[in-house]
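Colleague: I have a structure I would like to understand better, so I am pasting it below and will then ask my questions one at a time.
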């Protein structure tokens, strides 16, 4: 009982102390918070806090601005599905070529099996299914007899997958390096390298390319991409197209992630450099002999730039998601616009500051 009384006494004393120590936010603190929010739209506020506040807050805001500005482009890059993009838009006969190719694999009983991230063709059934030097599959338009889709497999060890693909795009026989014709290569193409996959989609004048590796598809047999539904139907074609799109998505995923992170690092460096550059611009603009703003130090102008970067970053975040093609340059444009506005309105000598 005595213990309970002691505990109650201590609790009451602590409660009294808390009430004594509990104070509201001071007017000075409220003023600083309000001034911090004003930096989002007021250049004068950026100048004031840049001169008077400690160094760590603008550093935090500069880093935060860079991270916010990078979100749209990084998110868009990570969400991109290469196979869906290549085969989901106008395919210029690509899906019909995939149908004929997949049916050819089944008819000739050709197994392309992925083992340890390497595409294998046991017993060389692919090259044995062709006669002569042109050991690749070709689908032609039944009316014009023009080749619309070709599939190549790099079964040799003497040439790398990338060089193999380069020869094809140069309209050469990839096995002999002999020119096929003098004209530009303009056919849809699927290139099955041992470790790399290449797709080329032609619209008659340009070739859109994509590539990937097989690291996420071990154990797969390419002829199993054919649906179980009845052939020569729209359902069969759509399902086969979807299966190939998913396969290409998996093949391109690792490279896409690597490229996205590399791109993120590069753009982070660009944006950090931009913040420093605009701080330097402010410093140089105030160096005139009779300029009353010569009192601003180099570090103070850097802090002004860092504070001014947050609102352009927030705006670029919204614009980047609404209009994806502006995701890369929105921050650069808006940030530059704000610094120009600051120099014209708040840092002009006749303002008398």
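Numbering (the working numbering), first residue to last: 6 to 358. All C-beta atoms in this analysis are idealised placements derived from N, C-alpha and C, irrespective of residue type, glycine included.
1) With a threshold of 8 Å on Cβ separation, who are the neighbours of residue 299 within its own chain once the five nearest residues in sequence on each side are excluded?
2) Relative to the alpha-carbon of residue 348, which residue among 37, 310, 110 has its alpha-carbon at the smallest distance?
3) Do you know whose CA, among 221, 46, 114, 76, lies nearest residue 200's CA?
4) Within 10 angstroms of its Cβ, does residue 250 collect 16 or more other Cβ (buried), or is it exposed?
5) How far does the alpha helix (DSSP H) with residue 287 in it extend, from its first residue to its last?
6) Taking all protein chains shown into account, decide if residue 102 is buried (16 or more other Cβ within 10 angstroms of its Cβ) or exposed.
7) Quick check: the stretch 315-327 against the stretch 67-80, are at least 3 beta-carbon pairs closer than 8 Å?
8) Consult DSSP for residue 203 and reduce its assignment to one of helix, strand or coil.
9) For the stretch 84-95 and the stretch 325-333, state whether three or more C-beta atom pairs, one from each stretch, are separated by less than 8 Å.
10) Applying the criterion that 16 or more other CB atoms from any shown protein chain within 10 Å of the CB defines a buried residue, is residue 107 buried or exposed?
11) Expressed to the nearest angstrom, what Euclidean distance is found between the alpha-carbon atoms of residue 316 and residue 186?
12) Would residue 78 pass as a contact of residue 325 if the rule is Cβ separation under 8 Å?
13) When DSSP builds the beta bridges, which residues end up paired with residue 157?
14) Locate the alpha helix (DSSP H) running through residue 218, then write down its first and last residues.
15) Classify residue 233 as buried or exposed, calling it buried when 16 or more other Cβ atoms lie within 10 Å of its own Cβ.
16) Can you grab the Cα-Cα spacing for the pair residue 350 / residue 82, in whole Å?
17) Check whether chain D comes within 8 Å of residue 202, counting only Cβ atoms and requiring the distance to be less than that.
18) For residue 178, which residues does DSSP report across the bridge?
Modeller: The relevant details are as follows:
1) 291, 292, 293
2) 310
3) 221
4) buried
5) 239-290
6) buried
7) yes
8) strand
9) no
10) buried
11) 57 Å
12) yes
13) 196
14) Residue 218 -> not in any alpha helix (DSSP H); beta strand (DSSP E) instead, spanning 212-218.
15) exposed
16) 38 Å
17) Absent from the structure: chain D. Only one protein chain is present.
18) 183
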